[in-house]
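Asks: For what it's worth, the working numbering labels the leading residue of the sequence shown as 1, then goes sequentially.
Glycine included, C-beta positions come from ideal geometry on N, C-alpha and C.
Dumping the structure here so I can ask a few things about it.
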Amino acid sequence: QVQLVESGGGLVQAGGSLRLSCAASGRTFSTYAMGWFRQTPGKEREFVSAITWNVGITDYSDSVNGRFTISRDNAKNTVYLQMNSLKPEDTAVYYCAADLTGRGWDHWGQGTQVTVSS
1 QVQLVESGGG
11 LVQAGGSLRL
21 SCAASGRTFS
31 TYAMGWFRQT
41 PGKEREFVSA
51 ITWNVGITDY
61 SDSVNGRFTI
71 SRDNAKNTVY
81 LQMNSLKPED
91 TAVYYCAADL
101 TGRGWDHWGQ
111 GTQVTVSS
């Protein structure tokens with residue numbers, strides 16, 4: 001089991017920046033990848049970004065590529081999402097997720113709200 005706790009959400013003006021953090025605890029040694037997803041009311045949860053835990057290969061959705069950067073600190077078992085040039089359409093609850101086996105996202109955090117005002 002892996003427990004995930006997000007932090008760093010908040011209210012920011014368009015064009016601003018925020019950094020989300022996700023601290024993992026538990027069986028973190030077996031983590032294959034960690035990622036970020038987001039969800040707005042009435043919509044399905046969508047993929048934002050992911051990083052493989054050992055090698056650090058990254059992936060981004062088209063909507064955030066070039067603006068967001070995912071990184072990890074293996075010593076702290078923490079993954080970060082640096083969000084720059086934020087837009088009102090980035091407003092959502094952001095969730096951290098862990099893929100322990102390479103077969104899918106099987107652990108989720110509680111979510112953190114990001115609100116971007118125009």
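Could you check which residue in 107, 117, 46 has the C-alpha nearest to that of residue 119?
Replies: Limits of the chain in this structure are 1 at one end and 118 at the other, which puts residue 119 out of reach.
Asks: Is it buried or exposed for residue 40, if we count other Cβ within 10 angstroms and need 16 for buried?
Replies: Exposed, because fewer than 16 other Cβ atoms sit within 10 Å of the Cβ of residue 40.
Asks: Can you give me the C-alpha to C-alpha distance between residue 81 and residue 52, rounded to a whole angstrom?
Replies: Using only the alpha carbons, I get a separation of about 14 Å.
Asks: Going by alpha carbons, who is nearest to residue 90 out of 13, 2, 5, 1?
Replies: Here the closest residue by C-alpha is 13.
Asks: Does the Cβ of residue 101 have 16 or more other Cβ atoms within 10 Å, making it buried, or fewer, making it exposed?
Replies: With fewer than 16 Cβ atoms within 10 Å of its Cβ, residue 101 is classed as exposed.
Asks: What number of angstroms, rounded off, separates the C-alpha of residue 85 from the C-alpha of residue 67?
Replies: Between residue 85 and residue 67, the C-alpha separation is close to 6 Å.
Asks: Taking only three categories from DSSP, how would you classify residue 69?
Replies: The answer is strand: DSSP assigns residue 69 an E or B state.
Asks: Suppose the cutoff is 6 Å on Cβ atoms and the five residues either side in sequence are ignored; what does the same chain contact list for residue 77 look like?
Replies: Correct list, in chain order: 24, 28.
Asks: Using 8 Å for Cβ pairs, my map puts residue 115 next to residue 7. What's the rounded Cβ distance?
Replies: Wrong, their Cβ atoms sit about 15 Å apart, outside the cutoff.
Asks: Could you say which of 64, 44, 55 lies nearest to residue 74 if we only look at CA atoms?
Replies: Minimum Cα distance to residue 74 is reached at 55.
Asks: Assuming residue 176 is part of the beta strand (DSSP E), what are its boundary residues?
Replies: This structure leaves residue 176 out entirely; the chain is present only between 1 and 118.
Asks: DSSP beta-bridge partners for residue 1?
Replies: Residue 1 pairs with nothing; no bridge assigned.
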